[in-house]
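To convert, note that position 368 of the sequence shown is 374 in my numbering; the numbers rise steadily by one, no gaps.
All C-beta atoms in this analysis are idealised placements derived from N, C-alpha and C, irrespective of residue type, glycine included.
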Amino acid sequence: METPGRIAATPDALDFTVENVEKALHQLYYDPNIENKNLAQKWLMQAQVSPQAWQFCWALLNPDKVPEIQYFGASALHTKISRYWSDIPTDQYESLKTQLFSQITCFSSGSKMVLTRLCVALASLALNTMPEAWPGAVAEMVRVFQEEGGGVDGRARCLALLELLTVLPEEFQTSRLPQYRKGQVRGALGREWGSVCPLLQQLLRRTDSPGAVKARVLRCLSSWVLLDVPLSESEGLVHDCFSALPDPELFDTAVEAIVNAISQPDSQRYVNTLLKLVPQVLALQEQLREAVQNGDMETCHGICRIAVTLGENHSRTLLEQVDHWQSFLALVNMIMFCTGIPGHYPVNETTSSLTLTFWYTLQDEIMSFESDKQAVYLQVYRPVYFQLVDVLLHKAQFPSDQEYASWSSDEKEQFRIYRVDISDTLMYVYEMLGAELLSNLYDKLGRLLTNAEQPTSWQHTEALLYGFQSIAETIDVNYSDVIPGLIGLIPRININNVQLADTVMFTIGALAEWLADHPVMLSSVLPLVLQALGNPDLSVSSVSTLKKICRECKYDLPPYATNIVAVSQEVLIKQIHKTSQCMWLMQALGFLLSALPVEDILRNLHSLITPYIQQLEKLADETPNPSNKLAIIHILGLLSNLFTTLDISKQDDESADGSAPPVKTAPPPPGPNPVVVVLQQVFALIQTVLSKWLNDSQVVEAVCAIFEKSVKTLLHEFAPMVSQLSEMLGQMYSTIPQASALDLTRQMVHIFASETDHFPPIKALFELVTSVTLSIFQQGPQTEARFVLV
């Protein structure tokens, strides 16, 4: 658009004429300059709400205008009616209604998007005038569009009427009506269903109705049932929707209408109607099987949605109809078929995931009955849930290595999430099936691993282990009599695949608490974990499992400590793991060392951290640069994570309250805590690092983290460090104030301020920090901003 024609943004230029609106629309759609587009859009928004909109909107609907201009005119009409209804005089209602009817008739054979906006505008007018000013609004709409005239063919008029009837409930859902009016209008719309229902039935049942008309009828039904139309009153139409399902063109809209109708909260009141729906859903099984055979995922998905919606929303109602228990059981089995639908999610099928919530719901309903009824239902449904476990574990199986390699990263991630959902379902199902479920899984795994004649796929073994892991992660399995057998079977697994190895690791980790109560079994699984530590592909599973074992079983690990430390040191030096796993590994070693005699702790600490101290000394001498900064932060992180869990003081506490076995080491000799010994040795080095990196908040934060985590763990045993750390903190904060130093100061004050011996250094630090902070805020906003940014 040429510059002279551009819309200005000044108030003087707000001349909302037809010509200017058209110029602005041209600018919005065709001007390549984004600023001009934004300017035009802002101007048009002002135009749309202006008083002049009543004049230009009708002109913009002129048949000789392009659809984009006509659309803006229709949108302006809707905006004025829906948002500025109070501005319209009462005596104008009738003429406005007549004009809108006329325009909708004109556009019934024109642009679909303009027709829809005009229908929305008339719908808004109806909602604002129902029921007082326009009683029987829907009946009048039906009558007006059924009358001959206007030179518009019957099919176009019919489609326009259906569009109007479809958007009316939708506009109600999003309208800005006051709450009291919402209730009135909802009641009025409910009474108008009597005018809509016969029309929809007639159009849907006529053999000569075009497919486009039937599709619009189904959409209209979907829209109306969301107004809580009683299921008993839409029963006939819902039945017609089932008749439409074999038609591929109507399938999606028919599914949507059925699902909307039977998922309305009020529909559970209509028990007889629901009972009639069950055989209609069961009759879809043949169509479902054909869809599965033909690989028609959309049809599978739609039929499954219908079955699951009926089962999920009405489990209790249908369970209570004891005379019809067989038909409901058949529906449950149909949903089971959908759960076990052939193919791998999400590549060959996308249906099975829809069913998982149903199994939660059904179990909840069964378990909520009083005990005598519950016993009857459990007799019927426990076998179903055992079958469900088999189906879910089959669905959780990985595809062949070749097929899995061809999957995209997004498909692999979706499959991972799907397996997590299966894991959650198995955990939940355990509440119903109990210990028998673990026995069932153990028997299957035992047969699988001891059957020398029949070769087993790693996928089958992995899925069964995954089932164990899912349950053991969150359920207390300490009293299960199959866990010793499971631990005995694990070393027999031929671990020739990364996914299988991962699951073996996670299963051992899930049993860490059980191992703490049965330490004799540690020798069976610990070698597997230490071996896996050297495999970067098993980084997360092996390190997290070792950490769990070191945390739960630390009092039983001294015989293995030398080996665990040696293997851990080796993988750390080789840099096999990413930063986060290195930190976990240090936490594991902290737990492990906590249970050793002090002299053994000091010896292991020396060998473990000496290489890092030497590396840190070298880095401290170098000129600061991004590369050595990352290395420094990494080393400081390793130390702080080690000190987070290295806590010899808890040995006596835990043995005393019975939450851990009796301490198997001699009581620590008097003297400083091993962590304090190490901190004192490296203190000068840390000061050197700080002197070069004091203006880098990340390095300062990493330094403070070492002391903060040590203080939190050691509490009063940190006392020997209080004086020198207080002095260093004061110097740091005085030079460049940083948040991490303030947090550490708070921790120190919290623990040591009340101790007479340490009061002087803590008091001096507190006064200094307070003085520096006050001076910062007294200097003004710029300094405050600098403080926050640093």
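Where do the N-terminal and C-terminal ends of the alpha helix (DSSP H) with residue i fall, by residue?
i      : result
LYS29  : 24–36
LEU455 : 441–456
PRO542 : Premise fails: PRO542 is in no alpha helix (DSSP H) and is neither H nor E.
LYS401 : 377–401
PHE404 : Neither: PHE404 is in no alpha helix (DSSP H) and is coded neither H nor E.
ALA759 : Unbroken run through ALA759: none, as it is neither H nor E.
TYR90  : That residue, TYR90, is in no alpha helix (DSSP H); it is neither H nor E in DSSP.
ILE782 : 765–784
LYS71  : Where LYS71 is concerned, there is no enclosing alpha helix (DSSP H), given that its DSSP letter is neither H nor E.
VAL717 : 703–720
ARG187 : 185–211
TRP464 : 464–478
TRP331 : 331–345
MET738 : 728–741
PHE724 : Element bounds for PHE724: n/a, residue is neither H nor E.
GLN152 : 143–152
PRO565 : 564–579
PRO617 : 604–627
GLN105 : 99–113
Whole-angstrom Cβ separation of residue i and residue j, contact assumed at under 8 Å?
i      : j      : result
ILE514 : VAL531 : 5 Å
ALA127 : ALA80  : 6 Å
LEU168 : ARG222 : 4 Å
LEU591 : ILE570 : In fact, because the Cβ distance is near 10 Å, the residues do not count as touching under 8 Å.
ALA478 : LEU447 : So it is not a contact: roughly 10 Å between Cβ atoms.
LEU325 : GLU371 : 6 Å
LEU539 : ALA601 : In fact, because the Cβ distance is near 20 Å, the residues do not count as touching under 8 Å.
PHE724 : SER732 : Actually they do not touch by this definition, with Cβ atoms about 12 Å apart.
PRO175 : TRP230 : 5 Å
GLY317 : ILE341 : 6 Å
ASP133 : ILE110 : The residue asked about is misnamed: residue 133 is Leu in this sequence, not Asp. Contact doesn't hold; Cβ gap of about 16 Å is too wide.
GLU558 : LEU521 : 7 Å
May I have the straight-line CA-CA distance separating residue i from residue j, to the nearest angstrom?
i      : j      : result
LEU50  : GLN208 : 43 Å
ASN679 : LEU696 : 24 Å
GLU355 : VAL386 : 29 Å
THR104 : LEU131 : 11 Å
CYS556 : ALA260 : 58 Å
VAL397 : GLU714 : 50 Å
ASN500 : LEU492 : 15 Å
LYS450 : VAL235 : 50 Å
ALA666 : GLU442 : Low confidence applies to ALA666: its pLDDT is 44, below 50, so where it sits in the model is not reliable enough to give any reading.
GLU628 : ASN634 : 8 Å
LEU748 : VAL706 : 11 Å
LEU83  : GLU146 : 21 Å
ILE94  : CYS203 : 32 Å
ALA166 : SER114 : 5 Å
VAL504 : ASP543 : 7 Å
ARG752 : VAL577 : 37 Å
ILE607 : LEU599 : 6 Å
ASP427 : LEU642 : 38 Å
ALA469 : TYR434 : 17 Å
ALA672 : TYR485 : Confidence at ALA672 is low in this model, with a pLDDT of 41, below 50, so its placement is unreliable and no value can be given for it.
PRO389 : LEU251 : 32 Å
Could you say which of the options lies nearest to residue i if we only look at CA atoms?
i      : options                        : result
THR467 : ARG498, TYR485, ILE477, LEU443 : ARG498
GLY242 : CYS556, ASN446, ASP543, LYS282 : LYS282
PRO617 : MET119, LEU598, LEU645, LEU636 : LEU645
ARG422 : TYR434, ASN647, PRO405         : PRO405
CYS226 : ARG192, GLY189, CYS164         : CYS164
HIS400 : LEU316, GLY473, GLN369         : GLY473
SER269 : LEU237, GLU255, VAL298, VAL287 : LEU237
PRO137 : GLY196, GLN293, PHE107, ASN541 : GLY196
ASP302 : LEU432, PRO69, VAL353, SER114  : VAL353
GLN581 : PHE649, HIS640, LEU595         : HIS640
ARG647 : THR585, THR551, VAL244         : What sits at residue 647 in the sequence shown is Asn, not Arg. Comparing Cα positions, the closest option is THR585.
PRO603 : ALA567, VAL728, ALA626         : ALA567
GLN98  : GLY217, ALA46, THR135          : THR135
ARG192 : ASP407, THR694, VAL144         : VAL144
ASN541 : ILE75, VAL328, ALA708, VAL573  : VAL573
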